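In my numbering, the protein residues as written are 13 to 244.
Structure follows, in structure tokens:
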């Protein structure tokens, strides 16, 4: 019996080591539970259309993007390859974005500016933009959601890429979210403004984007942050 005790002790020690590392692997592989305030969760939800299209996570700041993929997206979409480039894009979106052109064209269109008519006659792209303004300009005086929802998404990509630290990322998101919240009355209204802006700035409607909006607004979709988080 005594000769078996050292062997038994060795087996138990080995089992304990395996159990320890097995638990560590299990804990490391579990999805990270979001640790954020309701205000932060609300801010993340403003970028839900973009996150949904990309098949990423709505509940964490970096959305689960791999660093290299996030960096490639920022380089392609915003010509941003570092923190300075990201900040430049965010400042432009916050201060001007595409909404400045929308507002200027909308004002000239409503005033019947003859110079605008002459320009549109020679510019098919401008004619398309004016057609959108004619169709929905009364309901959408600006394109706040198009600019600032993209800004929130850019922050999330930048955090995932390692270009922005967490504290600065939340500061940006909270700034953008405050403006978005004061500009609309619902997730639907916000998302419609985003889709209008996308058509105005980038051309014909995107079926993937419209499908994402439908999923996020579907009351049966419990995974949608818009169903879990009240607008106000």
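Cβ coordinates follow ideal geometry from the N, Cα and C atoms, glycine included.
Just so you know, these numbers come straight off a predicted model, no measurement behind them.
- For residue 84, the uninterrupted alpha helix (DSSP H) run begins and ends at 79 to 90, by DSSP.
- When only Cα atoms are considered, residue 68 and residue 150 end up about 34 Å apart.
- Relative to residue 75, the option among 234, 60, 103, 106 whose CA is nearest is 60.
- Counting the other CB atoms within 10 Å of its CB gives residue 146 a total below 16, which places it among the exposed residues.
- Residue state for residue 209 is assigned as helix, using DSSP reduced to three classes.
- Leaving aside the five residues that flank residue 187 on each side, the residues in its chain whose CB is nearer than 8 Å to its CB run, in chain order, 106.
- If you ignore the 5 residues before and after residue 152, its C-beta comes within less than 7 Å of the C-beta of 205, 208, all in its own chain and listed in chain order.
- With a cutoff of 9 Å on beta-carbon distance, residue 86 and residue 170 are scored as near each other.
- With a cutoff of 9 Å on beta-carbon distance, residue 142 and residue 121 are scored as near each other.
- In chain order, 131, 132 place their CB closer than 7 Å to the CB of residue 138, counting only its own chain and leaving out the 5 sequence neighbours on each side.
- For residue 173, the uninterrupted alpha helix (DSSP H) run begins and ends at 156 to 173, by DSSP.
- Here DSSP, grouped into helix, strand and coil, assigns residue 196 to coil.
- By the C-beta density criterion, residue 242 is exposed, having fewer than 16 other C-beta atoms within 10 angstroms.
- Residue 190 carries a helical assignment under DSSP once its states are collapsed to helix, strand and coil.
- Exclusion of the five residues before and after residue 93 leaves 83, 86, 87 as the residues of its chain whose Cβ lies within less than 8 Å of its Cβ.
- Per DSSP, the continuous alpha helix (DSSP H) segment holding residue 107 begins and ends at 95 to 107.
- Taking C-alpha positions only, residue 136 is separated from residue 218 by approximately 20 Å.
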